[in-house]
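Start counting at 1 in the sequence shown, then tack on 799, and there's your number in the numbering used here.
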Amino acid sequence: MAIVKMPFCFLAFFCLLLQLFSIFHIGNAELEMNYYRESCPRAEEIIRQQVETLYYKHGNTAVSWLRNLFHDCIVKSCDASLLLETARGVESEQKSTRSFGMRNFKYVKTIKDALEKECPRTVSCADIVALSARDGIVMLKGPKIDMIKTGRRDSRGSYLRHVEALVPNHNDSLSSVLSNFNSIGIDVEATVALLGAHSVGRVHCVNLVHRLYPTIDPTLDPNYALYLKKRCPTPDPKPKEVLYSRNDPETPMVVDNMYYKNIMAHKGLLVIDDELATDPRTSPFVAKMAADNGYFHEQFSRAIRLLSETNPLTGDQGEIRKDCRYVN
């Protein structure tokens, strides 16, 4: 049988096409389940173990992992830009007033160090943000979210100048918050569910006193307002003083539907809480979540998956940081 010989120029062109296809495919890779099954098989187990250990030493770390996911993913991408400290020309997003009250960043290093010991330069800080949030939710007696995809890569910079515009403020309107979430592909029902994370949150008095002084906001339950004035006894609390009230005084460390029950009873801490319970776009979902904790957990799980998959860096984008605090 005769062998057909291809011209050298055609072979070279064909090889170039294969290389270009390979680059395009890698650069546009997608997140997937169990991404580290070959490169670091124990990655998710290590993160879970560290989250559990840190929770039993410092219970509030679980809340921090959940808040990290929100603050990281809503700003451009789920890429661990939030974790960068100010150094080497990078200005940390943690400097923003929107990061007020955030803490426990130092314990991310504890998780990363355990992973580096097992699989150096393999597991991204962005995946640590996503998986620690998932495991933290379980420690807070919330739903077990199995379908968290991985394969994110870390940003090489921060987005400090964008934080103020993208992270909702404590006194933003409901319309503004819904618009922000919609812009990253999160629908109204999922947004209502995500705000249920406030069931394990707290509001510092500096962000609350405008509803108490000089007069009490008429949308607040009067008796609850008196309780809040005991928590925040002056109209001008010092920002560095740790004065706050919890969104859910009854089950403050449990991701449950008490937040919705409270806001329906006009016991929300922020203006948006009252709007959420009364606006026709959101009130049906609030009522349903208040009545059915299982439904809330189902929608909360869906919302966390949507949030965690927001515009990730994958393939050959970004990098895998050795230390989550600094670019390589």
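The beta-carbon is built from N, C-alpha and C at its ideal position, and this holds for glycine as well.
Pull the bridge partners of residue i from the DSSP assignment, please.
{"i": "Arg1124", "result": "Beta-bridge pairing links Arg1124 to no other residue."}
{"i": "Glu831", "result": "Thr949"}
{"i": "Val889", "result": "Ala886"}
{"i": "His870", "result": "Paired residue(s): none; His870 is not in a bridge."}
{"i": "Glu988", "result": "Note: Glu988 sits in no beta bridge, so no partner."}
{"i": "Leu1112", "result": "Arg952"}
{"i": "Glu1040", "result": "None, per the DSSP bridge assignment."}
{"i": "Glu1118", "result": "Asp953"}
If you follow the beta strand (DSSP E) that residue i is in, where does it begin and where does it stop?
{"i": "Tyr1012", "result": "Note, Tyr1012: premise wrong, no beta strand (DSSP E); not H, not E."}
{"i": "Val1002", "result": "1001-1003"}
Return the first residue and the last residue of the alpha helix (DSSP H) that residue i is part of.
{"i": "Arg1045", "result": "No alpha helix (DSSP H) contains Arg1045, which is instead part of the beta strand (DSSP E) from 1043-1045."}
{"i": "Asp1128", "result": "Any property of residue 1128 remains undetermined from this structure, which presents the chain solely from 800 to 1127."}
{"i": "Ser974", "result": "973-981"}
{"i": "Met1057", "result": "1057-1063"}
{"i": "Tyr1026", "result": "1021-1030"}
{"i": "Met1088", "result": "1082-1090"}
{"i": "His961", "result": "959-965"}
Examine chain C for any beta-carbon lying closer than 8 Å to the beta-carbon of residue i, and answer yes or no.
{"i": "Ala913", "result": "Absence of chain C from the displayed structure is noted, only one protein chain being present."}
Please state whether DSSP places residue i in a helix, a strand or coil.
{"i": "Arg920", "result": "coil"}
{"i": "Glu1049", "result": "coil"}
{"i": "Lys943", "result": "coil"}
{"i": "Lys875", "result": "coil"}
{"i": "Ser821", "result": "Any answer about Ser821 is weak, because its pLDDT of 41 lies below 50 and its placement is not dependable; what the coordinates show is given next. In this structure, Ser821 counts as helix in the three-state DSSP scheme."}
{"i": "Met903", "result": "In the sequence under discussion, the amino acid at residue 903 is Asn, which differs from the Met named in the question. Three-state result, Asn903: coil."}
{"i": "His857", "result": "coil"}
{"i": "Gly1067", "result": "coil"}
{"i": "Arg841", "result": "coil"}
{"i": "Arg847", "result": "helix"}
{"i": "Leu1007", "result": "coil"}
{"i": "Thr896", "result": "helix"}
{"i": "Arg1101", "result": "helix"}
{"i": "Asp1016", "result": "coil"}
{"i": "Arg836", "result": "coil"}
{"i": "Val1054", "result": "coil"}
{"i": "Asp912", "result": "helix"}
{"i": "Asp926", "result": "helix"}
{"i": "Thr852", "result": "helix"}
{"i": "Gly826", "result": "Below a pLDDT of 50, predicted positions are generally treated as unreliable, and Gly826, at 44, falls in that range; no measurement from the model is reported."}
{"i": "His969", "result": "coil"}
{"i": "Asp934", "result": "helix"}
Since residue i and residue j should fall inside the 8 Å C-beta cutoff, what is the C-beta to C-beta distance between them, to a whole number of angstroms?
{"i": "Val907", "j": "Leu882", "result": "6 Å"}
{"i": "Ala925", "j": "Pro1111", "result": "7 Å"}
{"i": "Asp1072", "j": "Ile1062", "result": "4 Å"}
{"i": "Val962", "j": "Ser895", "result": "4 Å"}
{"i": "Val1126", "j": "Arg960", "result": "Going by Cβ atoms, the distance from Val1126 to Arg960 rounds to 17 Å, so no, they are not a contact pair."}
{"i": "Asp1016", "j": "Asp953", "result": "Asp1016 to Asp953, Cβ: 42 Å. No contact."}
{"i": "Leu1075", "j": "Ser1044", "result": "Rounded, the Cβ-Cβ distance is 18 Å, inconsistent with contact."}
{"i": "Asp934", "j": "Ile845", "result": "Rounded, the Cβ-Cβ distance is 11 Å, inconsistent with contact."}
{"i": "Lys1029", "j": "Leu1011", "result": "Wrong, their Cβ atoms sit about 10 Å apart, outside the cutoff."}
{"i": "Thr1113", "j": "Arg951", "result": "7 Å"}
{"i": "Glu843", "j": "Leu930", "result": "6 Å"}
{"i": "Leu1106", "j": "Phe869", "result": "7 Å"}
{"i": "Asp1115", "j": "Lys1066", "result": "Wrong, their Cβ atoms sit about 50 Å apart, outside the cutoff."}
Counting Cβ pairs, one atom from each stretch, are 3 or more of them under 8 Å apart for the segment 960-971 and the segment 904-922? no
Decide yes or no for the touch test of the segment 995-1003 against the segment 1045-1058: beta carbon pairs closer than 8 Å, at least 3 of them. yes
Assess, as a yes-or-no matter, whether the segment 945-952 is touched by the segment 1100-1112 under the definition of 3 or more beta carbon pairs within less than 8 Å. yes
For the structure I just gave you, are there three or more beta carbon pairs, one from the segment 987-996 and one from the segment 1035-1045, closer than 8 Å? no
At least three beta-carbon pairs within less than 8 Å, the segment 841-860 to the segment 975-988: no
For the structure I just gave you, are there three or more beta carbon pairs, one from the segment 1077-1092 and one from the segment 897-905, closer than 8 Å? no
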